[in-house]
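Counting in my numbering, the sequence shown runs without a single skipped number right up to 880 at its last residue.
See below for the structure under consideration.
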Amino acid sequence: MNEAEFQKRLAELVAEIDALPEGERERLKALAAETRDRHEQIKESVRSLQESIDFLRLGIKYMIFDLEATRRENAYLRKMLEQDPNGNSGNPDGGHPDGGGNGF
Numbered sequence: 777m778n779e780a781e782f783q784k785r786l787a788e789l790v791a792e793i794d795a796l797p798e799g800e801r802e803r804l805k806a807l808a809a810e811t812r813d814r815h816e817q818i819k820e821s822v823r824s825l826q827e828s829i830d831f832l833r834l835g836i837k838y839m840i841f842d843l844e845a846t847r848r849e850n851a852y853l854r855k856m857l858e859q860d861p862n863g864n865s866g867n868p869d870g871g872h873p874d875g876g877g878n879g880f
């Protein structure tokens with residue numbers, strides 16, 4: 777049942793309730809109002825849930841993107857290691873940026 781149909785049927789119910797004797801009318805009107813309120817609460821919960829799911833999807837997409845980038849970076853670094861198994865980067869001091877680590 778879509779929203780328009782729900783509202784139509786609820787309005788029909790309220791109209792029928794208005795035709796009842798006074799004693800029964802108030803109790804049933806209160807139940808109809810409670811039904812309307814609960815319906816609104818459910819709609820709000822569904823909206824909130826949809827927003828949470830959208831946020832979760834976005835987070836998952838970001839994580840997948842990050843994972844793929846990390847895999848590409850790892851593959852690139854492995855390839856570099858395979859090309860130079862000693863870890864030398866072509867620097868005369870053995871690949872150490874501080875000049876070989878001897879302190880001079």
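Glycine included, C-beta positions come from ideal geometry on N, C-alpha and C.
Do residue j and residue i have their beta-carbon atoms positioned less than 8 Å apart in this structure?
i	j	result
Ala808	Leu789	yes
Assuming residue i and residue j make a contact with CB atoms under 8 Å, what is their CB distance in whole Å?
i	j	result
His815	Phe841	Contact flag wrong, Cβ pair sits at about 39 Å.
Ile793	Leu804	5 Å
If you drop the 5 nearest sequence neighbours on each side, which residues of the same chain put their C-beta closer than 8 Å to that of residue i?
i	result
Met777	Arg785
His872	Because the pLDDT of His872 is 49, which lies under 50, any placement of that residue in the model is unreliable, and the number read from its coordinates should be weighed accordingly. So no residue of the chain qualifies.
Quick one: residues in its chain with C-beta nearer than 7 Å to the C-beta of residue i, no 5 flanking neighbours on either side, listed in chain order?
i	result
Ala791	none
Gln859	none
Out of the options, which has the shortest C-alpha to C-alpha gap to residue i?
i	options	result
Glu779	Leu825, Leu843, Arg812, Glu849	Arg812
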